[in-house]
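Only one structure is covered here, and it is reproduced in the block below.
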Amino acid sequence: MPGPQAPGASGRQRDSAVTIVVVHPDLLGTYGDGGNAVVLAQRLRWRGVAAEVIEIASDQAVPASADLYCLGGGEDGPQTQSAAAMAAGRPLTRAMQDGAVVLAVCAGYQVVGESFAGSDGQPRAGLGLLDVRAAKGVGLRAVGEVVCAPVPELGLPTLTGYENHGGLTTLGPSARPLAQVRTGVGNGGGDGTEGALGARVVGTYLHGPLLARNPALADLLLSWVVGPLDPLDDTEVMALRTARLTAARGGRSLPRAPRGKAPLAARLFRRPGQPRAPTASG
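Okay, so the sequence shown: first residue is -17 according to the working numbering, each after it adds one.
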């Protein structure tokens, strides 16, 4: 597949603001992942680049002309509604063909994959932007802080966030993992992976919002749209990252499946003392 580490700037004529779309915040807004769009826009503005954030509700047509798209986490029913609404016209597919970048978190991550489990546990068709398949996990949800090491070709520092999902996500041959889990669960398949990379699309289970905790990842996504970026003074956010990493590293890591044994979704765990979360995909 095209290398995720350097897909290059989109090549679109830049005579207007960079447009960032928050997709279906009424359905995929449970965890505040729309904050990722705010981070992307602000990091452009700090560099003197105009940026516009547009929220597109589920009763509106998703434009295929934006530069970046952010999808967030949500419950099972709304997740299915979101996927169905975007199946007609395939706006994200068309946008990516024109150079757009997609960041999909939790339920959104599952929606952009090949398939995901509906509220009845039966497979539903995803948008096919990532070669991943999500099924219902068996047993406890994956809830808590996550620390993971991005794949080396991205050139990123450690990623941090929190997860709250019950999915078991497997990657197909044309997808690569975003990172290897050090603390937490991630994709939940027993191989220690978190998230997935495709051509101009990143999927992950990390909330936070993700890009507020990981500005280097935000800048990487932006560079895929506008090209190389001047550095920013991230002293304050680095202090936040240090605090979150210190807290998260007191957690437990997902045990790997024994050699030769199929990974089980039952390996998902919940940290001691944490209540069960309401049923949701992301």
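Beta carbons are placed, not taken as given, at the ideal position from N, Cα and C, and that holds for glycine.
- Apart from sequence neighbours up to five positions away, the residues of its chain that approach Asp212 with a beta-carbon distance below 8 Å are Arg29, ordered along the chain.
- Setting aside the 5 residues that flank it on each side, Val21 is surrounded in the same chain by Pro191, Leu193, Ala194, Pro197, Ala200, each with a C-beta closer than 8 Å to its C-beta; the list follows chain order.
- In the three-state reduction of the DSSP assignment, Gly71 falls in the coil class.
- Taking the CA atoms as reference points, Val167 sits about 7 Å from Gly174.
- The Cβ neighbour count for Gly103, taken over all protein chains shown within 10 Å, is under 16; the residue is labelled exposed.
- Secondary structure note for Asn146: it is in no alpha helix (DSSP H), and the uninterrupted beta strand (DSSP E) holding it is 141 to 147.
- Two segments are said to touch when three or more pairs of C-beta atoms, one from each, lie closer than 8 Å; by this definition the segment 206 to 225 does not touch the segment 34 to 48.
- Between the segment 147 to 160 and the segment 175 to 188, the count of C-beta pairs closer than 8 Å reaches three or more; the two stretches touch.
- Per DSSP, reduced to three states, the secondary structure at Arg226 is helical.
- In this structure, DSSP gives Val94 a state outside helix and strand, which the three-state scheme calls coil.
- Pro60 places its beta carbon less than 7 Å from that of Leu9.
- Taking Ser205 as the centre and dropping the five residues before and after it, the same chain places the C-beta of Leu211 closer than 6 Å to its C-beta, in chain order.
- Following the DSSP letters along the chain, one finds Pro197 inside the alpha helix (DSSP H) bounded by residues 197 to 208.
- For Leu22, the uninterrupted alpha helix (DSSP H) run begins and ends at 17 to 27, by DSSP.
- Annotation: Tyr13 to Ser156 spans about 29 Å, alpha carbon to alpha carbon.
- Secondary structure note for Leu112: it is in no beta strand (DSSP E), with a DSSP letter that is neither H nor E.
- According to the DSSP secondary-structure assignment, Gln162 is paired through a beta bridge with Ala131, Thr175.
- For Leu141, the closest of Ala69, Arg223, Glu96, Leu74 by C-alpha to C-alpha distance is Arg223.
- As a beta-bridge residue in DSSP terms, Leu50 pairs with Ile2, Val83.
- Comparing C-alpha distances from Ser40 to each of Ala65, Arg164, Gly17 shows the shortest one belongs to Ala65.
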